[in-house]
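**Student:**
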Amino acid sequence: MVFLLDQKLQADCIKLGELKLSRLLLMNDSQYPWLILVPRCTTAIHEVHELNDSDRRSLMDESNRVALALQEIYKPDKLNIAAIGNIVSQLHIHHVARFKNDIAWPAPVWGAKPRIAYDQDKLQNTCAVIKNHFNL
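If you use the numbering used here, the sequence shown corresponds to residues 79 to 214, in order.
Have a look at this one:
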């Protein structure tokens, strides 16, 4: 079987590259630095505990790398890291850099405000900075 990315994630995100286990995505919402990890599994995986031990460790390592990258690049007040899956059941981990002055603070970002897509210049710059950080 082949890895297939959920259609909603394809529509809402920009592919940044491939890590050891996961595809790294940028949520196309310029209001927040928001990265998503999606393990490239060839079978339907919905929860972290469904991964084998090796993949679970790899996912946690990659999640830590993403968290550190957001911390270093953006210096947020808080990081929100979650695997919710109520709308997209395919296992994916959100990593959102939050700031006390962001539009949704202190509420969760999900459904807080309509998305504002990146303009082309900001998208290119954001992708370049993140890809450079991960050597993608």
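Glycine residues also receive a C-beta, built at the ideal position from the N, C-alpha and C atoms.
What do you get for isoleucine 194, buried or exposed, if any count of 16 or more other CB atoms within 10 angstroms of its CB means buried?
**Tutor:** When all chains shown are included, isoleucine 194 counts as exposed.
**Student:** Would you kindly work out how many angstroms separate the C-alpha atoms of leucine 83 and valine 116, rounded to a whole number?
**Tutor:** Cα to Cα, the separation comes out at about 8 Å.
**Student:** Less than 8 Å between the C-beta atoms of histidine 124 and leucine 87, yes or no?
**Tutor:** No, Cβ-Cβ distance for histidine 124 and leucine 87 is not below 8 Å.
**Student:** Closest to isoleucine 159 by C-alpha separation, out of Tyr152, Glu150 and Val144, would be which residue?
**Tutor:** The shortest C-alpha separation from isoleucine 159 is found at Val144.
**Student:** Using the C-alpha atoms, what's the distance from serine 136 back to lysine 98?
**Tutor:** If I take the Cα positions, the gap works out to 8 Å.
**Student:** Taking just the CA atoms, how far does alanine 185 sit from alanine 175?
**Tutor:** Taking the straight line from one Cα to the other gives about 13 Å.
**Student:** With DSSP as the reference, label lysine 86 as helix, strand or coil.
**Tutor:** Here lysine 86 sits in helix by DSSP.
**Student:** Between which two residues does the beta strand (DSSP E) holding histidine 173 run?
**Tutor:** Start and end: 171 to 176.
**Student:** Return the Cβ separation of glutamine 109 and aspartate 180 in integer angstroms, given the expectation that the two are a contact with Cβ distance under 8 Å.
**Tutor:** So it is a contact: roughly 7 Å between Cβ atoms.
**Student:** Buried or exposed, going by whether 16 or more other CB atoms sit within 10 Å of the CB of histidine 127?
**Tutor:** By the 10 Å Cβ count, histidine 127 comes out exposed.
**Student:** Using three-state DSSP, classify isoleucine 208 as helix, strand or coil.
**Tutor:** Residue state, collapsed to three classes: helix.
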